[in-house]
Every structure is written in structure tokens, then in C-alpha cells.
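Chains as they are written, first to last, in UniProt numbering: chain B, 1 to 391; chain H, 1 to 391.
Every residue gets a Cβ at the ideal spot worked out from N, C-alpha and C, and that includes glycine.
Each remark here refers to the structure printed beneath this line.
There are 2 protein chains.
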Amino acid sequence: MRLKILITIAMMAGPALAYEPLVEKREFTLKNFVTRGGRTVPEMRLGYETYGTLNDAKDNAILIPHYFSGNSHAAGKYKEADVSAGYWDAIIGSGKPVDTDKYFVVSVDTPVNLGANDPNVITTGPATTNPKTGKPWGMDFPIMTIGDFVDTQKGLMEQLGIGKWHAVMGASMGGLQSYEWAARYPDKLERVIPVISSGWADANLIAWLDVWASPIKLDPNWNGGDYYTGQAPNAGLAQAMKTLTLQANSAEWTDGTFGRDWASEGADPGQSWANDYKVVTKLNEAGAARVAQSDANHFLYLARANQLFVAGQPKDSLYKGLLNIDVPVMLIYTDEDLIFPGDAVRGTGTIIKSDGTPVEFVELEGTRGHMDGLLSIAQAGERIRAFLEAK
Amino acid sequence: MRLKILITIAMMAGPALAYEPLVEKREFTLKNFVTRGGRTVPEMRLGYETYGTLNDAKDNAILIPHYFSGNSHAAGKYKEADVSAGYWDAIIGSGKPVDTDKYFVVSVDTPVNLGANDPNVITTGPATTNPKTGKPWGMDFPIMTIGDFVDTQKGLMEQLGIGKWHAVMGASMGGLQSYEWAARYPDKLERVIPVISSGWADANLIAWLDVWASPIKLDPNWNGGDYYTGQAPNAGLAQAMKTLTLQANSAEWTDGTFGRDWASEGADPGQSWANDYKVVTKLNEAGAARVAQSDANHFLYLARANQLFVAGQPKDSLYKGLLNIDVPVMLIYTDEDLIFPGDAVRGTGTIIKSDGTPVEFVELEGTRGHMDGLLSIAQAGERIRAFLEAK
């Protein structure tokens, strides 16, 4: 059960309250997608989900990009029997703050999505066959940026005939994409809600992303990223997922949940290397549980995309992109966050509002650290509702 | 130079101010050392250094156990030409707070010391030859606890004819040993100064120690700890040292020092996997620089010893050992510490003083996080002096 708490994101909405009707994964393709780095992906196939109905004016659409280890399943269920609903189901649905009676919500799988082997994810990345070689791209796949993710969403926007998003909102890496939308395409959205995220990756975040990713390259099965005909670097990937899981929670929660309990009664970690603490075995299990549906190279690409992030991708300044943001901004954060600390979020907001752009701050209270941006988002529900409805 | 800042601990004392005279590494041996886990090490050989002179009454001795990646070189230089002095040289010496004109300072290498291949370290651990097999112990070496480290120091104390320490003081893992002395042998010391450390390893610390250590086991050269006739798991060990280095500093310092600089001018990490950020390459270099003199199995043993730590090692309570402390306590800490956070230190002090034991708190100000317990210890110098002199 504790493992479930660790790895299941959206337990808060009971089955009866989940967004209805049942959700379907859709798919779109962008031909000859050119990255901001100047490389071309001949066929960019990606998944998306929608909740609610696009109105005739096509001005009621809200975009939700997803977090690092997430995908476009933001609300609802695929089947009645699904144990849990999408990760932000608590705020998306009929009568909920992101009210699907009013809004048409679009949630999109990113390129290089971690869940390359998840049947509910459609993505294009190193694990995808390169049409030129007939083999998986591996590390020859173009390095992607948060800006590239946003540009794929712009491609979908055009296919759907939407000229402007009513709002863009997302958590963590989804928040980075939200900043990027507002900084790069300020006339393509009405407002933006970056959640548990800040305006650029600082040295500390760059270094931790590297710490997360490094075990993959240490795993001999990684083989320079060329493992698709052999054993995948699952041990390294599990370790990467484990570190991410630990850092995405708070020390308070880790201590409160596990204390100094041993993994097995009577099996003292002081007596044998075969014994361990419960917190370690549960984190190991949480990491290992994600491996089968995930791809190690995709993890490396995601880590790099996050390291590269500066809102708007200006070449010469951390601030220019943020100053380019002119739409109203709501920043949702928590001070217990070890990945995007409250200070970094407040600092970002201070820059944005320095030229008069309205910025609202909403602080989440909780014990889960970064994860509260997913688990406790309902706390900000009425603030989000009002922000979306404001003229 | 930045690499030097990362890996060199004691830059603060200029050469002219270092403890004098030149320091010598000494050695002692404990025959048939029995661990608290009930196993026997036939020959426990360890190094130590002393500063100052033991008086006739043998009541002026101060013990300094060392931190995780440190050794007994706490003050002075081995040769005039040494670039830096011992790590706490700023407070140890003639006229300094730990005044070697008054006190006889003893600093001891722990068993399973990380620097098994450092010519200035004398230690016994998995890299040592097991007299029974004629081969290195490897992972058959007994699991060690902080209590075992303290018991080796008690062995030295007896050899030196010292009945009671005037004080025990140490940083980080040296602070854990200090708590352990006071909790387990309350009649063997007059006062105690645990620095940047708390009274037990909580789940969060247990998990992070595991994250530090895990890359070693992922390195195929680790081979279950049996690598002494082949290639050592240096890549895994370097990664372990790198993560420790990052977490021992503060986000503020990491950001301020490296920002988003690239490792090489013109080598954009967005363009090639061969390129990286400076913070990453500098941390990699800092980790790699420690590898040649360190042993990977020793790292694993140190991590486990820290995970196992509860002051006094009571079986049934986190508090009993701390309540056993009856001598005056000075706790030195910083709120920027990511390894032993200020809250954990204050919580420890609250328990100790709950039964009337005097506890003084000294907060360090700095930008280096945990490292300030080494780098900024001089800030607490006059408080330490007064605490040592109090009747």
C-alpha cells in the first residue's frame, strides 16, 4: 500500500467523482518537425487527450502539458474499472475548477516521454524507429528542449483550429512548458498557471538532474544508448526513478512514513548486507515498478530538456523571456518543494511582475513537497476557477 | 581553482597560521576487536594525530573524530610545503579556541575510512587483508556502527592512559561519534560538541545515504565487493562522491558559483551530448579526484554505519541514548544544511535538555550548507573557547 502511495499520483478523486465520460487517447502527427536546435524529425507522432467540448468560437480551450514522469492522462478514466483517474482529476471535470462544462481541455504527451513502453502513451524519441535507418534512433535523436515540446503543442493547436488558448497550465515540467508558451507566444494564450516550477533551471537543478540520470549511464546495459536489441539498462533506470521519487517528496513525509523501520521484521540491517531499511526497499520498489513502461534514453532526453530550460530561450539573459510574458500569471508553489523551491518560484514571479504584468501567488500547504503540486492541487481549486473566469 | 574549492576542505587558515609543529601520523592497534554486532576483527590498525601535549594529570585531552569523507588530519601540516592544513586548523593551535598550549588534541582515523589508499590514512576495513584468508575482507568485513568507531577510540584512550576526555567534538559523522561518546560513556568525558549532526539517522538521511552509495553497486567492476585483484568500481565511486559533494553544499552556493555556464565556451549542451554544463563537469571532476585514494567498499560501510546511527544504540527508543547524556552540550549547526537540517539538530537538542542537561546552540552563517561546519567553524571559535574553559 505504501508503494502505491509512492507511485500512484492521483488517489484524491474517488471513482464516482472522476471526470466523465470515459477518456480516449488520441494521436496526432507532425511531418518534418524542425527542432529549435535546427534538426528535423521526419515524423513526430504524439498522443493527446481532451476533456469537455470545443465551442464554435474555438476560444474555450485550455492546454495542460505534463510533468517529467507523467503523460497526457490528466483527468478521467479509460475504463470504469481503472483504479485511479488522471493526475489532476481533482480539478478537471463538470463543475470542478477547470470546468469541462465550460472549457475544452487538451492534454498532450511530450516527445521523449518517459513512458515509451506504456500502452497509454504515444510519443516519439530515442526508442522510436528512425525512418532513415529502420532502427531505433537511440542517442542520435535530436536533443529536445522545453521549447520543442511547446512547438509540438502549437502544431496540435493548428490542427485543431484553435487560435488562442484560454489558458495554459501545468505542473513541474508542465509548468516550464507553461512559462515557455507565455514567453515565446504571448499572443497565443489569455493567461498562464505554472505550478511548482520556476523560470529557468539553475545550477542546482542542473546538477540534480544529472545525479538522477547518471545511474543510467553507469549501467553496462546502457551501451551508449544502443540497447534496443538486447537488455535494457533497467537497474540504472530504476535507480534514476528512485532518486527522483525521493527528491519529489519532502523529508517530513519520508520520515513520517517510514521512520527507521526495517524492511522485514527481525532482519537487522546492522547484521547483514542482505537486510535493509524499509524506506530503501520501498523506494527501490517504487523505482523498479516504473521500469517496464519506461525508457532509459527517454529519461536522459527529459533530463537534458529540463537542464536546458530558460523561459523563452533567450540567448543572452535569464530574464528576457520572463519579461516577455504579458498575460496574467498565477504561480502555485510550496515551500517544502526540493526541486523547485519556493524562493525560486517567488523570484520568478518578481521578475515577471517587475514590468507590470499581474502575478498572483498561491501557496500549497502539505507534507509531500514537490508532489503536492499534483496531490494537493485541489487546495488551489477555487483560486484557479476565479483566475480562469476573470475577464 | 573551482575544483579546488570543491574538494579542498581547509583553505581558511593561511600557511603561516597553521598549527605548529609539523604533524605526524601515528598508529595504534587493537587486538581481537569485538564489534557491537558481536563479530571479531583480529587486528584493528588505525591512524591518529595529536596536537599539543598531554599533561601529567592526563586530564587535558580533547578527542576529535572525523567526518564521512575525512580522516584524522584535523590540524597542522605534515610538511612545510603542504598546500593546506588539517580541516579544523582554523580553531586548533596555539592561542586558538582549541588551544594546544592548554589542551592535548587527539584525532583518530575511523575503521572503514574512505581514504583506504591515502598514504596519510591508516585504517582497517574491507580493503584490508583478512588474516584468516590472506585476501582482502571485501564485504565479509563486519558491518560497523558509529558505536564501533567510538569503541576503537576508547581503545586508544586506554593505551594513552587517559581516563576522561576534557571534551569530544566533531563535525558531521564526527558529531555522531561525539553524541555516541556522551550517550554511551557519560562518565568518560566532561563535555561534548557535536557539529552539523543530529541524534539519529532518520528515514530521509537513510534514503539519501543509499542514493549516494547505490552507483557503486551499479558499477559492473564492483562485483559484489570482490574487485581487489581487478578493476575497482571507480566510475560508481566517483558518482557517489559527486552526489555527496552536491548535497554537502547549498543550492545558493552551487547557483552562485556555476550559474548556467557551459563547461566549455561555444560547446552548447543543447547541441551535443558531448557538451555539458560547468556545474556537472566540475562535480564530476571533484568526484573523480577523490577516487584514487578512496575505496568503494569502504564507502558502502560508511554509508551503512551512518544509516545505523542512533545515539547510544538503544534497541527500543530514539531518545534513551540522548537522555543518557549528562555532560554540557554545545550544538553547532546551520539552517542551510541539507544533510543534517537545522530542525533535526534543534530537535535533538530539545530532547537532550528535556531532563535538565545544559545545551547551548550555536548557529553558523554561511553559503556553503553542510560544508560550513568545516569551512566556517571559526565563526563559533570564541563560543567553543568559552565552552571548553567553563568549570
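Limits of the unbroken alpha helix (DSSP H) element including F387 of chain B: 381-389
Please tell me whether I146 of chain H and S172 of chain H are closer than 9 Å, where the distance is taken between their beta carbons. no
Quick check on K4 of chain B: does DSSP put it in helix, strand or coil? Confidence is the limiting factor: at K4 of chain B the pLDDT is only 48, short of 50, which leaves the residue's position unreliable, though a coordinate-based value still follows. K4 of chain B falls in the helix class under three-state DSSP.
Residue closest to V327 of chain H, alpha-carbon to alpha-carbon, out of H:K391, H:A90, H:L308, H:M144: H:K391
Close beta carbons around A18 of chain B, own chain, < 6 Å, minus the five adjacent residues each side: G76, K77, A85, D89
Under a three-way DSSP split, which group does P107 of chain H fall into? First, the residue type needs correcting, since residue 107 of chain H is Ser and not Pro in the sequence shown. Strand, per DSSP.
Taking 6 Å as the limit between beta carbons, can you name the residues of its chain near A380 of chain H, skipping five residues before and five after? I332, V362
Touching by the beta-carbon criterion (3+ pairs, under 8 Å), the stretch 213-227 of chain H and the stretch 328-347 of chain H: no
Any beta carbon from chain B within less than 9 Å of R2 of chain H's own beta carbon? Bear in mind that the predicted position of R2 of chain H carries a pLDDT of just 45, short of 50, making it unreliable; the figure below should be weighed with that in mind. It does not; no Cβ of chain B falls within 9 Å.
Are the C-beta of M330 of chain H and some C-beta of chain B separated by less than 9 Å? no
Taking only beta-carbon atoms, is N204 of chain H less than 9 Å away from chain B? yes
Hey, quick one: how far does the alpha helix (DSSP H) through M157 of chain B stretch, first residue to last? 146-160
Neighbourhood of G369 of chain B by C-beta, 6 Å cutoff - its chain only, sequence neighbours within 5 removed: The answer, listed in chain order, is N249, S250, E336, D337, L338.
Hey, which unbroken runs of the alpha helix (DSSP H) at 4 residues or more fall wholly within the stretch 265-346 of chain H? 278-291, 296-307, 320-323
Min CB distance residue 393 of chain H to chain B below 9 Å: Only positions 1 to 391 of chain H appear in this structure, which leaves residue 393 of chain H out of reach.
Near L22 of chain H, what residues of its chain come up, given a Cβ to Cβ distance below 8 Å and the 5 sequence neighbours on each side ignored? G76, K77, Y78, K79, E80
With distances taken from CA atoms, which of H:I351, H:G366, H:S354, H:G321 is nearest W181 of chain H? H:G321
Among B:D118, B:V98, B:W137, which one has its Cα closest to the Cα of A292 of chain B? B:D118
Taking V362 of chain H as part of the beta strand (DSSP E), name the residues at either end of that continuous run. 359-363
Could you spell out the range, first to last residue, of the alpha helix (DSSP H) harbouring K31 of chain B? No alpha helix (DSSP H) holds K31 of chain B; the beta strand (DSSP E) holding it covers 26-34.
State the Cα-Cα distance for the pair G170 of chain B and E27 of chain B, rounded to the nearest angstrom. Roughly 20 Å separates the two Cα atoms.
Other residues of its chain near K102 of chain B: CB distance less than 7 Å, five sequence neighbours each side excluded: N60
When the Cα of V108 of chain H is compared with those of H:F149, H:F141, H:L114, which residue comes out closest? H:F149
Could I get the ranges of all uninterrupted beta strand (DSSP E) runs contained in the stretch 68-113 of chain H, with 3 residues as the minimum, in chain order? 104-108
Distance between Y277 of chain B and L6 of chain B (C-alpha atoms, nearest Å): Residue placement at L6 of chain B cannot be trusted, given a pLDDT of 47 that sits under 50; what the coordinates show is reported in the next sentence. Using only the alpha carbons, I get a separation of about 16 Å.
Below 8 Å, how does it come out for the stretch 221-238 of chain H and the stretch 287-306 of chain H: are there three or more Cβ pairs, yes or no? yes
Is P111 of chain B close to chain H, meaning its C-beta is less than 9 Å from at least one C-beta of that chain? no
Rounding to the nearest angstrom, what Cα-Cα distance links G225 of chain H and A232 of chain H in this structure? Those two C-alpha atoms are separated by around 9 Å.
Would residue 402 of chain H pass as an interface residue toward chain B - the criterion being a Cβ-Cβ separation below 9 Å? Not covered by the structure: residue 402 of chain H. The range shown for chain H is 1 to 391.
Measure from the alpha carbon of F387 of chain H to the alpha carbon of each residue in H:D56, H:D99, H:N71, then state which is nearest. H:D99
Are the Cβ atoms of A344 of chain H and V280 of chain B separated by less than 9 Å? no
Name the residues in the stretch 176-188 of chain B whose C-beta lies less than 8 Å from a C-beta of chain D; which are they? Reference to chain D is not applicable here, since the protein chains of this structure are B and H.
Confirm, please, whether the CB-CB distance from N120 of chain H to H66 of chain H is below 9 Å. no
Exposed or buried, G266 of chain H, counting other C-beta atoms within 10 Å across all chains shown (16 or more means buried)? exposed
Which one of B:T229, B:I64, B:Q159, B:T367 has the shortest CA to CA distance from A167 of chain B? B:I64
Answer yes or no: do R260 of chain H and V329 of chain B have a C-beta to C-beta separation smaller than 9 Å? no
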